[in-house]
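If you read the sequences in order, they're chains A and B.
Here the working numbering is used: position 142 in the first sequence is 142, and no number is missing along the way.
Here the working numbering is used: position 71 in the second sequence is 221, and no number is missing along the way.
Built from N, CA and C at the ideal position, the CB exists for glycine as well.
Please read all numbers here as calculations on a predicted model, not as lab measurements.
Data first, discussion second: the structure below is written as structure tokens.
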Amino acid sequence: MTDKFEISFIAVVIAILSFFVYALLQGTTIGYQPPSACSVYPAVNTFKSGVVEIQPGVYEVRIVAARYYFDPSTIILKNPKKVIFEILSKDVLHGFEIVGTNVNVMVLPYYQATFTWDVPSELKGNFMIICNEYCGNGHPNMYAELIIER
Amino acid sequence: MNFKLEDRFSKIAIVFAFTVLAIGGMFGLLQLLTRTPYSPIQLSPDQYYLSLTAHGVLLAIVWTAFFIMGLAVFVISRELNINLNKYLLQGSLILSIVGVIMTTAAILSGTSNVLYTFYPPMNASALFYLGLTILILGTWIFAATIFLAFIRWKKATKSAIPIATFGVLTTLIIWLEATPGVAIEVIKDLIPMSLFNTPVDVLEARTYFWYFGHPLVYFWLLPAITLWYFFIPRLLNTKLYSERLPKVAFILFILFSTPVGIHHQFVDPGIANQYKFLQSVLTYLVTIPSFLTAFTLLATMEKSYRERGGKSLFGWIKELPWRDSVFAGIAFSMILFAFGGIGGIINASYTLNALVHNTTWIVGHFHLTVATAVTLTFMVSSYVLIPAIFNKAIIFKKLTVLQPYLWFIGMTIFSTAFHIAGLYGMPRRTADILYGGLAPSIWIELAQIAAIGGVILWVSGVIFIFNSGTSILKGAHVAMDAGSLFEKVNEKETILDRISVWVILAIIIIILAYVFPFLQIYSRGLSPAPPLPP
């Protein structure tokens, strides 16, 4: 490369990407992490769903995703700070998205996904939970509701 | 030299591609209107998912692959001035077409509504998977045909690889790097699943699929970029700003196209954060060749203006041949691809991805890349390829100018609406966005705006199919020496032309990026799920 415009352009590109990678690295140390923890769960019918407040403001929410419902279909949380989700699919691939938040996870059949959601303190009201991965003809009917009371 | 055989291959492949484009585009319109609340056309859910499967498979895989095969044969035979092996060429075409017909029959029969990602344990008919396997086999034989001819040429001439050929070879290398992933998934998991009800581990299958699924986008994109490099200097009567930088860009695509598939699985449980992070960074690296391409092409445009004595800083933009359909189509492709690229960086970002994963943002994104940068480029290039390969003149010249403008307007409306709706969480792949009345009203408004864009796109597509179809059938004969499109270059080869070196390096990077995620998946132990019908 002898052309000075080419060289300066490449320098600009490298600078931009270095900044992006720096931002990514910052992202790994603060706040949101992708939902990556899981365990195999072949005995899908033994999985018990439910909502438990394990400490003040800390909830453990166990959810079954199946064609075409989430169980429980309404989740009510009072003053949540932290929610530990444990989700399992009993049949095919599903998605779990709380609309308007950064909760978005693939729910794989015969696997249990575990992830934590730090609930923003100003969040309250009703939120849609939708399946966002095609799971069959009833896919558009697969949704639930999250209610956060403050 | 006589290129009758090669041209016949290209003609069949391109006519087949146009047919598939017409069918797939029709499905696209139907399903877009279905998911638009209060639109007059409403498919039932099973019709909608049949349509979505057909739209995805026919357009993302078949339309692109067949147009690319037709283009590749044309470029290789004319630019290198060589003939290809007759039997391999015919065999690859027959296998590919048979595979597509099998898969399409499976889709249209209504038994295989599994979308173009066909995630198990949702089970399509065996015909669907067998057809895909035969198609891939056909494309491998096709790639072998091209490489055998290229090696023969290389031994005879020992010269540097001309730029369009370099682009074609890069495309095929990426295809060969990527397709083993989907071949393993289909042969090891999905065919046994559909024939014998064997359970399938979804995490493993998804990882193989996306190993293939992301480099697939560069397989689409590279021929489009090659056409940009080819047409822009010719339309502007100049030379490329640099002959070397495009080759560097192609090599970077060879190196970094494949080890990035996990950025489609950032919200998949079961793959550790550090591997996700690594592939996020690798995806950033694959933007470098796109940046280099943008630089070279824009510099070429400005250079031609300065050569004609232009002085103003931005005057070259106004002076570009905006009334030329090929130029306008390529320029629109480049503009929308720039936005597609910026969106792609967001998608590939380790953390930001969670906001957009499986929302309509993604659909808006890839309609800028595959459905504009690639498809619009292929469309306007056809206005040159039809005279060059079919020896037929385009009948409706004015329509060729209108068509890319309509596509640009339609896509801008459609894609912008879908990007914004995605930020509001509107999911993709759903036949009905109302969710029993819970859906926010902004979703409905944006879906309706997107539908307007979709109708404009469809009109542009109909104009294209009508114009190119009638021109191929009834156009006046033109005696065009297609070889004259290519200039003869006889430079000495450099390290950039030693493709095998770059392929070996690419394989090392791919292994480094994928060995650990797969070790993690296998060492945890698989958890196969039994198949279920769609």
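- Distance from the CA of V61 of chain A to the CA of Y111 of chain A, rounded to the nearest whole angstrom, comes to 16 Å.
- Interface residue (Cβ-Cβ distance to chain B less than 8 Å): H94 of chain A is not classified as such.
- The C-alpha of Q415 of chain B lies about 10 Å from the C-alpha of P35 of chain A.
- Ranked by Cα distance from V665 of chain B, the first of B:L230, B:Y358, B:L646 is B:Y358.
- Measuring C-alpha to C-alpha distances from V207 of chain B to each of B:P678, B:L405, B:N233, B:G174 identifies B:G174 as the nearest.
- Contact annotation: in the region 496-507 of chain B, residues whose CB is within less than 7 Å of a CB in chain A are S499, Y500, T501, A504, L505, H507.
- Below the 9 Å Cβ cutoff, chain A contributes N137, H139, P140 as neighbours of A581 of chain B, in chain order.
- Between the region 89-96 of chain A and the region 490-505 of chain B, the count of Cβ pairs shorter than 8 Å is below three; the stretches do not touch.
- Counting only runs of at least 4 residues, the region 211-273 of chain B fully encloses the following alpha helix (DSSP H) elements, listed from N- to C-terminal order: 214-229, 236-258.
- Boundaries of the alpha helix (DSSP H) around G611 of chain B: 591-624.
- Nothing from the region 300-328 of chain B brings a Cβ to less than 7 Å from some Cβ of chain A.
- Contiguous beta strand (DSSP E) elements confined to the region 183-208 of chain B do not occur, taking only those with 3 or more residues.
- Residue range 276-307 is occupied by the alpha helix (DSSP H) that includes L287 of chain B.
- For S483 of chain B, same chain residues with a beta-carbon under 7 Å away, outside a window of 5 residues either side, are A374, T522, A523, L526, T527 in chain order.
- Listed in chain order, the alpha helix (DSSP H) runs fully inside the region 50-90 of chain A amount to none, counting runs of at least 4 residues.
- In this structure, the straight-line span from the alpha carbon of E643 of chain B to that of I401 of chain B is close to 15 Å.
- Between F406 of chain B and L432 of chain B, the CB-CB gap stays under 8 Å.
- Cβ contact annotation for I291 of chain B (same chain, cutoff 7 Å, sequence separation greater than five): L238, G241, S242, L245, in chain order.
- Partner residues in the beta bridge of H94 of chain A, as assigned by DSSP, are A:V107.
- Rounded to the nearest angstrom, the Cβ distance from E156 of chain B to F636 of chain B is 14 Å, too far for a contact under 8 Å.
- For S36 of chain A, the closest Cβ of chain B is nearer than 8 Å.
- The beta-carbon of A274 of chain B is placed no less than 8 Å from the nearest beta-carbon of chain A.
- In terms of Cβ geometry, F216 of chain B and A163 of chain B form a close pair [threshold 8 Å].
- G57 of chain A and I341 of chain B have their C-alpha atoms roughly 48 Å apart.
- G100 of chain A: not part of any beta strand (DSSP E); DSSP gives it neither H nor E.
- Around T203 of chain B, the same chain offers I257, S262, N263, V264, L265, Y266 as residues with beta carbons nearer than 7 Å, after the five sequence neighbours per side are excluded.
- In the DSSP assignment, the residues bridged to I129 of chain A are A:I98, A:A144.
- In chain A, no part has a C-beta under 7 Å from the C-beta of R456 of chain B; the shortest such distance is about 12 Å.
- Between the region 177-185 of chain B and the region 615-622 of chain B there are fewer than three inter-stretch CB-CB distances shorter than 8 Å, so the stretches are not counted as touching.
- When DSSP states are grouped into helix, strand and coil, L442 of chain B belongs to the helix group.
- Under the three-state reduction of DSSP output, A314 of chain B falls in the helix class.
- Within the region 526-582 of chain B, complete alpha helix (DSSP H) segments of at least 4 residues are found at 547-573, given in chain order.
- The C-beta separation of T329 of chain B from L285 of chain B comes to about 10 Å, leaving the pair out of contact by the 8 Å criterion.
- Fully enclosed alpha helix (DSSP H) runs of no fewer than 4 residues are not present anywhere in the region 621-662 of chain B.
- Taking CB atoms only, K638 of chain B has no neighbour in chain A less than 8 Å away.
- Secondary structure at Q112 of chain A: strand, using DSSP grouped into helix, strand and coil.
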